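Quick note: the sequence shown uses this note's numbering, first residue 814, plus one each step.
Where is the CB? At the ideal position from N, CA and C, for every residue including glycine.
Computed from a predicted structure; not experimentally measured.
Just below is one structure, and these are the notes that go with it.
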Amino acid sequence: MDLKKALLLLSIILFTNIALQAQIKHKRPAARKTAAGLKASITRGQALFTQYCVACHQADGLGVPHMNPPLVKTTYVLGDKNKLIKIVLNGFDEDVEINGETYSNTMAAHDFMQDQEIADVLTFVRNSFGNKASAVTIAQVKATRATNKK
């Protein structure tokens with residue numbers, strides 16, 4: 814390869830690298846903002862969980878055998894957000910089997926909670942007790958509340 818081609822190739826590589834670095838730096842603030850928003854939601858959700866949920870689901874999220882279901886890695890928590898939001902809004906009065914154990918205590922409706930509060934507490938639950946799932950947004954809660962039919 815002659816010198817001109819080598820310099821041209823080197824220039825293209827350097828330019829591409831500089832452009833990629835600029836894109837990465839440009840995107841970092843948005844990623845930090847998203848991470849900070851998630852952390853704030855989880856923090857608010859933890860306080861709400863302590864206020865409204867801990868008595869039944871326990872501080873470790875394991876619930877009470879045969880009464881209050883666990884929140885640890887269950888399809889109710891990690892699955893369909895709309896279904897989870899409806900459980901908070903409407904309560905839950907069915908027997909449910911989780912990991913071979915039946916839970917039968919009634920959960921009261923928490924429809925008095927604001928949309929932000931529901932989003933925060935569910936985001937906390939979906940990201941605690943060994944769970945790792947996407948956040949619940951205010952928009953998702955609003956949409957579910959608007960179409961909610963018990």
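Measure the CB-CB distance between V934 and C866 and report whether it falls below 9 Å. yes
Among H923, D893, Q929, K886, nearest to G942 - alpha-carbon criterion: The question names Gly, but residue 942 in the sequence shown is Phe. The shortest Cα separation from F942 among H923, D893, Q929, K886 belongs to K886.
Looking at the structure shown, is F862 part of a helix, part of a strand, or coil, going by DSSP? F862: helix per DSSP, three-state reduction.
Can you check which of these residues, A848, D815, K818, I831, is closest to S947 by C-alpha distance? A848
Does the distance from the CB of T957 to the CB of N895 come in under 9 Å? yes
In terms of alpha-carbon separation, which member of E914, L861, A921 lies closest to D928? L861
Nearest-angstrom beta carbon gap, P883 and I911 [assumed within contact, 8 Å]: 6 Å
State yes or no: is the C-beta of G874 within less than 9 Å of the C-beta of V938? Yes, these two residues count as a Cβ contact at 9 Å.
Are the beta-carbon atoms of A932 and I951 separated by less than 9 Å? yes
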